[in-house]
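The sequence shown begins at 32 in our numbering and counts up one residue at a time. Ideal Cβ placement from N, Cα and C applies to all residues, glycine included. Predicted model, so just to flag it, every value in this text is computed and none were measured.
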Amino acid sequence: MQLVPFRHAGNGVVATGTDCKMDLFLIVFLFVLGASVGSFLNVVIYRTPRGESIVFPGSHCPSCGRAIRWFDNIPILSWLLLRGRCRFCKVFISLQYILIETVTALLIVGLYACYYIWDLRDGMGEFLSSWPTFTAHAALLCGMLVCSVIDIRSYHLPLGICWFVSGVGMVAATVRGGANLIPHVSHTTAASCLGAGVGLIVAIILLRRGLIQPSFIDADIQPQLDESDGGEKPRSASAYQVAATSACGVRPRREVLREVLFLSPAIGGAVAGYLLVGHVEAVRSAWEGLYALADGGVGKHLGGFFGSLFGYFIGGLWIWGMRILGTLVFGKEAMGLGDVHLLAAVGAVTGWMIPSMAFFLAPIFGLMWALYLLVRKGRRELPYGPWLSVGTLVAMIFHDKIVAFFENYLEAMRISH
């Protein structure tokens with residue numbers, strides 16, 4: 032059989048016609064899978080803000096309550112065949128359903144194309160060997176899509192979704208070990224991450240037992256602002272949060288110090304881990320011996336796990352640090368804890384560099400939207416979560432080009448001096 036070159040597979044290797052057939056098969060498969068996942072995401076988007084189970088009851092019409100039969104629940108196709116209406120009560124089905132299904136499918140297919148066809152990211156390798164990393168990145172995109180839609184509609188980020196994505200990222204990083212896109216971390220950094228993780232668990236236990244008080248007594252208020260509930264959306268997320276805080280008589284500067292207290296065990300654990308490994312010879316030797324067991328695979332898996340854990344902490348600290356600093360300076364709650372968990376999840380999946388890039392890219396997209404509103408004289412503002420998601424997507428796809436740009440810039444600056 033004659034094999035016809037079609038594309039470059041990276042590292043100067045030309046893909047064959049067989050590779051292209053595999054690409055086509057995977058693209059079709061991933062599109063169908065993505066649309067099916069998007070159908071489930073619609074359930075999550077609708078039910079999570081209402082506090083309903085995403086499992087029971089099964090899919091049903093929100094208007095008449097009739098169960099949706101399987102042939103009316105085929106992603107994308109059923110909506111088109113039914114012309115966007117319930118088979119029984121003929122009530123219009125929101126355009127959101129087909130949009131989420133289509134966008135999810137396109138995101139997953141686009142991610143595959145960027146990583147494996149256009150080779151925009153070095154280090155992915157072949158799909159059959161790197162599918163755990165791809166799955167984690169696809170889960171991150173799906174999680175960000177859900178969080179963004181819910182955040183736009185209710186100014187609330189569902190933390191459970193962020194935690195789930197973080198768990199998927201850490202498992203994938205551990206399974207693949209060093210063969211992933213997560214930057215490697217040093218022995219001392221890994222020890223600091225372990226100490227911070229132990230400290231975080233201690234802080235959560237103290238919080239659960241009531242020994243540490245949660246900040247902002249309005250944090251448990253989850254607004255039901257969907258149009259179907261008859262509620263009006265506020266003009267901005269900050270307007271809603273400040274109103275709730277003022278009504279409860281909360282002093283933001285004092286409240287944010289509770290968050291500093293909550294973080295203290297994690298900070299202390301990170302410092303302790305660094306000092307023990309860096310200055311106690313017996314601990315350092317034992318830790319490096321465990322961390323260097325690459326031949327048996329232990330060291331590689333530990334490296335992947337701690338790279339993910341470090342990314343989790345860095346992603347969260349970017350937003351949490353800005354939240355604490357902004358609240359202390361301006362005297363009102365700055366940013367939201369949901370954004371902290373969102374960027375932490377990004378770090379758990381991709382390592383520390385992607386959330387760092389996203390942190391600086393997000394304001395650019397937010398500013399562009401603000402300028403658009405200024406020109407259109409619109410009043411609709413978006414919460415920050417969607418911009419973090421957009422910044423993350425751009426950083427994931429163009430990471431190598433962004434790094435190369437700054438490396439060339441720094442090299443040019445060095446030569447000029």
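When the distance is taken between beta carbons, is residue j closer than 8 Å to residue i?
| i | j | result |
| --- | --- | --- |
| VAL140 | GLY69 | no |
| ASP103 | LEU111 | no |
| GLY342 | GLY309 | no |
| TRP383 | ILE350 | no |
| ALA234 | GLY200 | no |
| LEU138 | GLY65 | yes |
| GLY397 | LEU188 | no |
| ILE385 | THR423 | yes |
| GLU132 | ILE107 | yes |
| ILE124 | ARG116 | yes |
| LEU57 | PHE158 | yes |
| LEU142 | ALA169 | yes |
| THR205 | HIS332 | yes |
| LEU413 | TRP400 | yes |
| SER246 | GLU286 | yes |
| ARG240 | LEU359 | no |
Name the one or two DSSP bridge partners that residue i has.
| i | result |
| --- | --- |
| HIS91 | ALA98 |
| PHE123 | ARG116 |
Take the Cβ of residue i as the centre, count every other Cβ of all protein chains shown within 10 Å, and call the residue buried at 16 or more, exposed below.
| i | result |
| --- | --- |
| SER339 | buried |
| ASP153 | exposed |
| ALA278 | Low per-residue confidence applies at ALA278: pLDDT is 45, beneath 50, and the placement is therefore not dependable enough to give any value. |
| ASN439 | exposed |
| PRO88 | exposed |
| PRO8 | This structure cannot settle anything about residue 8, because the visible part of the chain is limited to 32 through 448. |
| GLY347 | buried |
| HIS430 | buried |
| PRO93 | exposed |
| PHE436 | exposed |
| VAL421 | buried |
| VAL380 | buried |
| ARG282 | exposed |
| MET155 | buried |
| HIS39 | Below a pLDDT of 50, predicted positions are generally treated as unreliable, and HIS39, at 49, falls in that range; no measurement from the model is reported. |
| CYS95 | exposed |
| LEU441 | exposed |
| ARG207 | buried |
| TYR403 | exposed |
| PHE62 | buried |
| GLU312 | exposed |
| ILE76 | buried |
| GLY362 | exposed |
| VAL434 | exposed |
| GLU83 | exposed |
| ASP251 | Confidence at ASP251 is low in this model, with a pLDDT of 45, below 50, so the placement of that residue is unreliable and no value is reported for it. |
| ILE129 | buried |
| TRP318 | buried |
By the DSSP assignment, the alpha helix (DSSP H) with residue i in it spans what residues?
| i | result |
| --- | --- |
| PRO80 | PRO80 -> no alpha helix (DSSP H), and no H or E assigned at all. |
| ASN439 | 416-447 |
| VAL143 | According to the sequence shown, residue 143 is Tyr rather than Val. Here the alpha helix (DSSP H) through TYR143 covers 127-143. |
| ARG116 | Where ARG116 is concerned, there is no enclosing alpha helix (DSSP H), given that its DSSP letter is neither H nor E. |
| HIS215 | Counting along the chain, HIS215 falls outside any alpha helix (DSSP H), and DSSP gives it neither H nor E. |
| ARG289 | 283-310 |
| LEU402 | 384-407 |
| SER161 | 158-185 |
| ALA379 | 368-381 |
| PHE247 | Counting along the chain, PHE247 falls outside any alpha helix (DSSP H), and DSSP gives it neither H nor E. |
| ALA203 | 190-207 |
| TYR343 | 329-361 |
Just checking residue i against the ligand SAH - is the residue's beta carbon closer than 7 Å to any of the ligand's heavy atoms?
| i | result |
| --- | --- |
| CYS92 | For the structure depicted, the ligand SAH is absent and the ligand set is empty, with no information on it obtainable. |
Spell out whether any CB of chain B is found under 8 Å from the CB atom of residue i.
| i | result |
| --- | --- |
| MET353 | No chain B is present in this structure, which holds just one protein chain. |
Stretch-stretch touch, CB-based, cutoff 8 Å, three pairs: the stretch 187-207 with the stretch 372-380: yes
contact_flag[the stretch 62-79, the stretch 174-188] where n(CB pairs < 8 Å) is 3 or more: yes
Contact the stretch 394-413 vs the stretch 353-372: 3+ CB pairs below 8 Å: no
Cβ contact (3+ pairs, closer than 8 Å) linking the stretch 115-123 and the stretch 208-225: no
At least 3 beta-carbon pairs within less than 8 Å: the stretch 347-359 vs the stretch 283-293: yes
Three or more C-beta pairs below 8 Å linking the stretch 215-222 and the stretch 316-324: yes
Validate contact between the stretch 390-400 and the stretch 145-152 using beta carbons, cut 8 Å, 3 pairs: no
Cβ pair count under 8 Å reaching 3, the stretch 293-311 against the stretch 226-245: yes
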